[in-house]
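**Student:**
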Amino acid sequence: MKRILQILAMLLCCGLPIHSQINYGRPQWINNVPEANSKNHFYYRVTLGEGQSLDRAYANAFAKAIIEAKWRLGVRVKVSDDVNALEQEITKSINVDEQTMLIPINKVCEYWEEYYSPKKIYRMYVLWQIADDGRFDPIFEEFTKCQ
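In terms of my numbering, the sequence shown is residues 18 to 164.
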């Protein structure tokens, strides 16, 4: 009986990480990023953040969105502007360094899942609307297809 319980416990421990990584019902926007009307001066982007809490996963996804937007706009990214440094800054305060340019960004949807590796890790996908150019205020459209 003791041996059966040990085997069941082992199967349960090994089975949980696999079960939690199976993707049930992910939203379509994760793999099929929507297209924005070009006259609105923004584009859609999905970023993936990971962390040991949902807040850390969100901060990581937000930092990636900011850095990718800066690269796309041709802004030089300082060595200190890596994802980890920016994530720490976002965690402390949502206000990003004002010395940089204005990048209008709008969070549209988020989806998260958890998995074990060996600790619990949250993986968060965030759909953003990001300005094409920091000189224009984009006309962000309403997006209702988050599910």
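All C-beta atoms in this analysis are idealised placements derived from N, C-alpha and C, irrespective of residue type, glycine included.
1. Looking only at DSSP bridge pairs, what is Tyr142 linked to?
2. At the level of alpha carbons, what is the spacing between Asn57 and Lys136?
3. Mapping DSSP to helix, strand and coil, what is Lys162?
4. Using the DSSP secondary-structure output, state which residues sit across from Tyr60 in a beta bridge.
5. Nearest CA to the CA of Glu158: which residue from Gly151, Arg152, Gln146 and Asp150?
6. Measuring straight from C-alpha to C-alpha, what distance separates Lys162 and Tyr139?
7. Helix, strand or coil for Lys136? Go by DSSP, reduced to three states.
8. Apart from the five residues on each side of it in sequence, which residues of its chain come closer than 6 Å, Cβ to Cβ, to Glu85?
9. Quick one: using the 10 Å Cβ neighbour count with 16 as the cut-off for buried, is Arg73 buried or exposed?
10. When you compare only the Cα positions, how much space is there between Gly68 and Asn54?
11. Just verifying my parser: in three-state terms, what is the DSSP assignment at Glu120?
12. Kindly indicate which residue of Gly42, Trp46, Phe59 and Ile120 has the alpha-carbon position closest to the one of Ala80.
**Tutor:** This is what the structure gives:
1. One-based indexing of the sequence shown puts residue 142 at position 125. The bridge partners DSSP lists for Tyr142 are Leu65 and Tyr128.
2. Numbered from its first residue, the sequence shown carries residue 57 at position 40. Numbered from its first residue, the sequence shown carries residue 136 at position 119. Whole-angstrom Cα-Cα distance: 42 Å.
3. Numbered from 1 along the sequence shown, position 145 holds the residue referred to as residue 162. Here Lys162 sits in coil by DSSP.
4. Counted from its first residue, the sequence shown places residue 60 at position 43. Tyr60 pairs with Ile147.
5. Numbered from its first residue, the sequence shown carries residue 158 at position 141. Out of Gly151, Arg152, Gln146 and Asp150, the CA that lies nearest to the CA of Glu158 is found in Gln146.
6. As a working mapping, residue 162 is identified with position 145 in the sequence shown. As a working mapping, residue 139 is identified with position 122 in the sequence shown. Between the alpha carbons of Lys162 and Tyr139 lies a gap of roughly 23 Å.
7. Translated into positions along the sequence shown, residue 136 becomes position 119. Residue state, collapsed to three classes: coil.
8. Along the sequence shown, one-based indexing puts residue 85 at 68. Excluding positions up to five away in sequence, the list is empty.
9. To locate residue 73, count along the sequence shown from 1; it is residue 56. So Arg73 counts as buried.
10. Taking the sequence shown and counting its residues from 1, the one referred to as residue 68 is at position 51. Taking the sequence shown and counting its residues from 1, the one referred to as residue 54 is at position 37. Distance between the alpha carbons of Gly68 and Asn54 is about 33 Å.
11. Taking the sequence shown and counting its residues from 1, the one referred to as residue 120 is at position 103. Reading off the sequence, residue 120 comes out as Ile, not Glu. Residue state, collapsed to three classes: coil.
12. Numbered from its first residue, the sequence shown carries residue 80 at position 63. When Gly42, Trp46, Phe59 and Ile120 are compared, the shortest CA-CA separation from Ala80 is found for Ile120.
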